[in-house]
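Some notes on the structure that comes next.
Here you go:
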């Protein structure tokens, strides 16, 4: 483990933001001043995306126009499809997103007539299609049409994934999940996007880097790790035994605790309720009950609370989403938070360039190769 | 401008490193304890790459083996070539590098049998070919063979660029430049690579993000901006007038000053001497004399010293390198520093996740869309 206090910049203020508060009094989360509970209850993903990127809730006509704009930008250029076809079937889907995003930046570069808002909207509109074009090409040899007439990002994603319009329960579950995952202050991927942005490259460079950061199991990859954990257990009792063994063996259990939240993750209650609702609707409560038991064990044994990733796993699974798409779906949502931060960083930019504490060798004379 | 002190993490210690010291007593630079002056004078790029990645100078047999390894990994997979052909001719070459790196990560993913050292070496070996395959395909309709028998990275790059073995003066100038650009502690691209690495994704994710950060004009893109400045001036007097006008108009003049160096950039003297030597050899001293005059004006008027990027521009130009390839050539070198930092971050990892100073709206009630 890193021994100096500075490692990981824990507790270090790295800049200002007007986008989100995280962990105030140990638990709160607001987007532009609105509580995550209100947004998850009363709003929808496109409204939240608009709020994050444009800074305020849209009026009715603005929301309509925004939805229409997104719907119109779901098609993929031929060269991008060709690249997606070249990416092997065995590739980690996050690497598909990373490569697709970078490639799109060469085909539709930011510039005159294609400003930062246009790029943000384009990426918000087409990440689902990018992932699912690649998926269906390799899984079933199909070149799907990535344009659907679904009004919502959640509906569009499920439609492309399953090849038919989703029912409203699943659609709304994913819609709420996209709201919960949209923004989270200076998390590692967003901070990556801001650090890249601070040298003033194009928009795609920042998003491509952020996808790479989100990919790791200590960040977005955690929801996939949770699924791998819970699906192993046939019953809550088996889960309790299994997790106690893992704790005894000092194994890391994903989906619990958080760098910034100290008391609870306000998003967890929301997605937990959805996981329960989906389990009841499906008449298949195994994963929910397994998850609930693991939550109890972790509170009792480790005094840790579940974070957003924990109940997202069972909820996604019940919506028919393959585990390998959990983190890409996070991208479909978080692109909006990243975009807001890239725009904010540019508006008041300063190069992000910290210092290091040097612990290497003292200055020493060069030794010619014959004398080594 | 950002108003809080934390912006940009200036002066903030973000972690430990044993790789380089930068700016000790305002000017020093060492790689693993060896001074940059010794390395530029007595060493070569492959030796420095080995030093950075493996932590010590190679013995004769190790250097030979390392060079042989790099030489054997210059070929590009067919799918990568196909992607490079799909990237438009008008694309910024840094976007080619970013996309090519990400794509290679899907074709040759890090994993069993292809560990982090193997990935580092593969990228060090093939970035030149990636750039120049794309370049020649679009500039001249040629599908070049990216494998050459040149012993050195500098020779290989120039050989692929010009289609023939370079003379020794140019080769050694680029070799020295690659040494100077190889590593620089927690600069923005390296810090990006470490932040991405801290979530524990694959190696390619970190490098792809770093390329995006290097692309910006406040970082690697600066050497291209210098070239655009100096090539405008036919004489030193014209340069003096032009730069004085820019200063009066408060325009930013690239290639001067540095976040970490306060007195001088130790790399500048080295590349300045090479710029002079190349100018004399070519019997074309215009750019060198223009650069020298701008240096004098900037010292006199702004008390600023040239950094590495400033004289690199004229040196690269005299080696026949197109301006748009200046920053990609920086990638060819800096991949070694990034690799060393990725390996170091993994060995003692802690998630890099700072906090933000919230300056946005206070908590407020959600307003239904009909009432906005």
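Protein chains in written order, with the working numbering: chain A, 1 to 372; chain B, 373 to 744.
All C-beta atoms in this analysis are idealised placements derived from N, C-alpha and C, irrespective of residue type, glycine included.
Q. Taking the alpha-carbon positions, what's the residue 75 (chain A) to residue 191 (chain A) distance?
A. 30 Å
Q: Tell me where the beta strand (DSSP E) around residue 24 (chain A) begins and ends.
A: 20-24
Q. Taking the alpha-carbon positions, what's the residue 19 (chain A) to residue 717 (chain B) distance?
A. 29 Å
Q.
Can you check which of these residues, A:332, A:166, A:284, A:168, is closest to residue 215 (chain A) by C-alpha distance?
A. A:332
Q.
What does the alpha-carbon distance come out to for the pair residue 8 (chain A) and residue 14 (chain A)?
A. 12 Å
Q | Interface residues of chain B facing residue 86 (chain A) [CB-CB closer than 7 Å] | A | 451, 454, 455
Q: Determine whether the Cβ of residue 386 (chain B) lies closer than 7 Å to any Cβ atom of chain A.
A: yes
Q | Cross-chain neighbours of residue 39 (chain A) in chain B, by beta carbon under 8 Å | A | 738
Q.
Please identify, using Cβ separations under 9 Å, the residues of the stretch 713-730 of chain B that lie next to chain A, in order along the chain.
A. 720, 721, 722, 723, 724, 725, 726, 727, 728, 729, 730
Q | At least three beta-carbon pairs within less than 8 Å, the stretch 588-598 of chain B to the stretch 690-704 of chain B | A | yes
Q) Got a sec: is the Cβ-Cβ distance from residue 153 (chain A) to anything in chain B below 7 Å? A) no
Q.
Can you pull out the residues from the stretch 475-494 of chain B whose beta carbon lies closer than 8 Å to at least one beta carbon of chain A?
A. 475, 477, 478, 479, 481
Q | Rounded straight-line distance, which links the Cα of residue 710 (chain B) to that of residue 200 (chain A) | A | 20 Å
Q. Taking only beta-carbon atoms, is residue 42 (chain A) less than 7 Å away from chain C?
A. Any reference to chain C falls outside this structure, whose protein chains are A and B.
Q: Only counting runs of 4 or more residues, tell me where the alpha helix (DSSP H) segments fall wholly within the stretch 402-481 of chain B, in order along the chain.
A: 408-414, 417-426, 432-443, 450-458, 465-479
Q.
Would residue 33 (chain A) and residue 733 (chain B) be called neighbours here (beta carbons separated by less than 7 Å)?
A. yes
Q: Please state whether DSSP places residue 114 (chain A) in a helix, a strand or coil.
A: strand
**Q.** C-beta neighbour in chain A for residue 560 (chain B), strict 7 Å
**A.** yes
Q.
Just to confirm, is the Cβ distance from residue 209 (chain A) to residue 581 (chain B) under 7 Å?
A. yes
Q. Whose C-beta lies closer than 6 Å to the C-beta of residue 266 (chain A) among residues of the same chain, with five residues either side of it excluded?
A. 27, 29, 36
Q. Mapping DSSP to helix, strand and coil, what is residue 175 (chain A)?
A. helix
Q) Would you report the Cα separation of residue 44 (chain A) and residue 308 (chain A), rounded to the nearest angstrom? A) 18 Å
Q | the stretch 269-282 of chain A / the stretch 171-180 of chain A touching (three or more Cβ pairs under 8 Å) | A | yes
Q. Quick one: is residue 320 (chain A) near chain B, going by C-beta distance under 7 Å?
A. no
Q: On the DSSP bridge assignment, give the partners of residue 355 (chain A) in chain order.
A: B:385
Q. Just to confirm, are residue 525 (chain B) and residue 714 (chain B) a CB contact at a threshold of 7 Å?
A. no
Q) Looking only at C-alpha atoms, which of A:358, A:90, A:113, A:39 sits nearest to residue 736 (chain B)? A) A:39
(Q) At a CB distance below 8 Å, what residues from the stretch 46-70 of chain A approach chain B? Give them in sequence order. (A) 47, 57, 58, 59, 60, 63
Q. What in chain B is Cβ-close to residue 217 (chain A), meaning under 9 Å?
A. 571, 572, 573
Q) DSSP on residue 678 (chain B), reduced to helix/strand/coil? A) strand
Q: Taking residue 284 (chain A) as the reference, give the member of A:315, A:268, A:295 with the closest Cα.
A: A:315
Q: Locate the alpha helix (DSSP H) running through residue 276 (chain A), then write down its first and last residues.
A: 266-282
Q: State the Cα-Cα distance for the pair residue 584 (chain B) and residue 286 (chain A), rounded to the nearest angstrom.
A: 44 Å
Q.
Restricting to Cα atoms, I'd like to know which of B:470, B:636, B:645, B:744 is closest to residue 541 (chain B).
A. B:645
Q) DSSP puts residue 512 (chain B) in a beta bridge; with which residues? A) Bridge partners of residue 512 (chain B): none, in fact.
Q: Counting only runs of 4+ residues fully inside the stretch 205-273 of chain A, write out the alpha helix (DSSP H) ranges in chain order.
A: 222-230, 236-248
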